[in-house]
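For reference, the structure is listed below as structure tokens.
Numbering (my numbering), first residue to last: 1110 to 1839.
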């Protein structure tokens, strides 16, 4: 009955807002609507929310107190502006008990905004930031094509930095510790991402280190007491690192298999959990409040889980961790966990139905049925028979072995890698993709066949809707696979896409971004640059003595391009485009310096070579026998405009170092990935310039990777002399 009353109230509020024009867009926020319901029917729940003990009842849980305080903090920043100072008194409504008084605060805002259109506009630009159960802020999506986009990007950057605190193993305790700070001009209690932007970052770092020192001192003292209490002296060596992200690490002090393979892995795993504090809440409840606690400055309570305590209660802690992880994965609708439950329920359907009082509609339960009944099933079967008794899961579904030796754990991880890599969907997709490529002689057809097959079988295995799986995943997978397939396809565009993908992949790896995003963004951006004139995409100052100028131009051009790539990658990754642009710029400087040092400075010798020179060289080097063997008699297609697209380099600073000589003779010119590194004396030699540019032609005619394979094969096949060195007709 209460559900229907709440639903009716939400509908009534929503209709009332529509009736008078809905002054503020925030009325529609589901969490605000929930508070409005509580303000009318459940005052006690509002008080609990204000003490961050209650969350919204949904699959993942949200911290309503943080959501409300952050919104009030953003309104506070708006009211700071001179033209809105006259409305400052509105804040008095939420000066005490912000959640309990939030409904009245929102109504007063609405009333004021109705009379001041400019104020209304500023309020509607505020984004409601949602906070998870663990205190992390949900990342906003950037609005690149709308007003206020740069302010929004700055907000996203602050959120990411705030979350670095929230996701520390001691994250929630750290945020509660920071909540005792007085941060002007804010009046709310909780430490939010909006408050974070007003704090000096060096001060935050100092406070965090001070907090860690105090916490670790308490922990060390507690370990002394627990060692004596549980008689574990000499079992552990443990290191406390106040300036590190992972504060504590223990190793066995004695050669006891039980200590090395059970207690140590369990303790270190707990210390690494990003949701360590919520787990310790759960564990403390399971152990009936036995975990020791301490007080840090400002009265912040912390758990003092010591190695000795963990060793004494090891089995109970392990079972609690399995239980907590299980509930977490179910709430997140984890594919592997739900699949394991579906298969087990299928084999024991009669028993399950009798225990939970529910009859499944199909022989194999649907994914939705398992999600809806997961809690009942877990309550009825507390031993979790669908799980391996020796394992639990951490973030990313990586299994942690408990009780095995290091060698056995490593062997198990290797097995799990192959098991998750070579899945039925990936093998079937590979078979269909390969067949499609062979039948159509088009690798892109193979890419589409692979992706559709993979997503179809994946949806079938995990009980997902086929249309949703394909719409959400196939376009991205097709784009990524197409870019990778471009390395085997002939063409100027495909060649540029391949080199861009390689550069983007390297950029992502070095900047800690997802590899797939780097490949896709790098391939798309560099592919687009093909359609720009070389005068813009490869700006070079003419002259044989312009090394410094051309070096500086290349550094600026490359860093500008990689900064743009970094911006896009970061926006797609975590929304922090500004940070991504900075990372990309730094990478671009490094990439351009590497090319200059190893291959040389760019220069422009195009005025030295004519169309006639190129055609004479082709006629001179043409060999009908080798043409037939290597290229099926196809005529050479290469002219002055193609030659002008090639990048020539000279005077590489590292060319005469010992390391360079190991890989290549510095007296010989060579081409690599569209760059011709000219040896001294060859910089202006017409035949050598054409010779190196023709390798570029071969890369485009065969496809970058295809060319490399054929080059290696021909080198091995023809007594060390590659047929490609003859530059026969392509």
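Backbone N, C-alpha and C define an ideal beta-carbon position, used for all residues, glycine too.
Next on the checklist: In the DSSP output, what is residue 1246 paired with across the bridge?
Outcome noted: 1240
Item to check | Bounding residues of the alpha helix (DSSP H) (the contiguous stretch that carries residue 1282) | outcome: 1280–1287
Checklist entry - In terms of residue numbering, what span does the beta strand (DSSP E) encompassing residue 1779 cover? => result 1779–1781
Item to check | For residue 1319 and residue 1411, the rounded distance between their alpha carbons | outcome: 14 Å
Checklist entry - What is the DSSP secondary structure of residue 1469, reduced to helix, strand or coil? => result coil
Item to check | the stretch 1226–1240 / the stretch 1177–1190 touching (three or more Cβ pairs under 8 Å) | outcome: yes
Checklist entry - Considering only the beta carbon of each residue, do residue 1707 and residue 1763 sit closer than 8 Å? => result yes
Checklist entry - Helix, strand or coil: which one does DSSP assign to residue 1317? => result helix
Checklist entry - For residue 1651, which option in 1712, 1265 and 1693 has the closest C-alpha, if you only look at C-alpha atoms? => result 1712
Item to check | Inter-stretch contact at 8 Å, needing at least 3 Cβ pairs: the stretch 1282–1302 / the stretch 1212–1225 | outcome: no
Item to check | Cutoff 8 Å; reference residue 1363; Cβ partners in own chain excluding five residues on either side | outcome: 1343 and 1344
Checklist entry - Applying the criterion that 16 or more other CB atoms from any shown protein chain within 10 Å of the CB defines a buried residue, is residue 1765 buried or exposed? => result exposed
Checklist entry - Cβ of residue 1590 within 8 Å of Cβ of residue 1559? => result yes
Next on the checklist: Taking its Cβ as the centre, do 16 or more other Cβ atoms sit within 10 Å of residue 1584, making it buried, or is it exposed?
Outcome noted: exposed
Checklist entry - Who are the Cβ neighbours of residue 1123 in its own chain at under 7 Å, not counting the five residues just before and after it? => result Reliability of the predicted coordinates at residue 1123 is poor, the pLDDT of 48 falling under 50, and the value obtained from them is presented with this limitation in mind. Within the same chain, residue 1123 has no close Cβ partners at all.
Checklist entry - Who are the Cβ neighbours of residue 1193 in its own chain at under 7 Å, not counting the five residues just before and after it? => result 1187 and 1228
Next on the checklist: So residue 1171 and residue 1140 are supposed to be a Cβ contact under 8 Å. How far apart are they, rounded?
Outcome noted: 6 Å
Checklist entry - For residue 1365, which option in 1332, 1420 and 1313 has the closest C-alpha, if you only look at C-alpha atoms? => result 1420
Checklist entry - Should residue 1776 be labelled buried (16 or more other beta-carbon atoms within 10 Å of its own) or exposed? => result exposed
Checklist entry - Among 1137, 1807 and 1270, which residue has its Cα nearest to the Cα of residue 1598? => result 1807
Item to check | N- and C-terminal bounds of the beta strand (DSSP E) containing residue 1784 | outcome: 1784–1786
Next on the checklist: Give me, in chain order, the residues of the same chain whose beta-carbon lies closer than 8 Å to that of residue 1734; leave out the 5 immediate sequence neighbours on both sides.
Outcome noted: Unreliable placement is indicated for residue 1734, whose pLDDT of 37 sits below 50; no coordinate value is reported for it.
Next on the checklist: Taking only three categories from DSSP, how would you classify residue 1642?
Outcome noted: coil
Item to check | Beta carbon of residue 1291 nearer than 8 Å to that of residue 1204 | outcome: no
Checklist entry - Any heavy atom of the ligand MN closer than 7 Å to the Cβ of residue 1207? => result As for the ligand MN, it is missing from this structure, which has no ligand bound.
Checklist entry - Are the beta-carbon atoms of residue 1391 and residue 1433 separated by less than 8 Å? => result yes
Checklist entry - Who are residue 1361's beta bridge partners in DSSP? => result 1345
Item to check | Cα-Cα separation between residue 1566 and residue 1573, rounded to whole angstroms | outcome: 10 Å
Item to check | Member of 1413, 1173, 1405 and 1377 whose CA lies at the smallest distance from the CA of residue 1389 | outcome: 1413
Item to check | Run of the alpha helix (DSSP H) containing residue 1666, from where it starts to where it stops | outcome: 1656–1682
Checklist entry - Ends of the beta strand (DSSP E) at residue 1710? => result 1710–1712
Next on the checklist: Can you list, in chain order, the residues of its chain with a C-beta nearer than 7 Å to that of residue 1286? Leave out the 5 residues immediately preceding and following it.
Outcome noted: 1320, 1405, 1407 and 1409
Checklist entry - What do you get for residue 1294, buried or exposed, if any count of 16 or more other CB atoms within 10 angstroms of its CB means buried? => result exposed
Item to check | Three-state secondary structure (DSSP) of residue 1400 | outcome: coil
Checklist entry - Does DSSP put residue 1805 in a helix, in a strand, or in coil? => result helix
Checklist entry - Can you give the beta carbon distance from residue 1143 to residue 1173, rounded, assuming they're within the 8 Å contact cut? => result 7 Å
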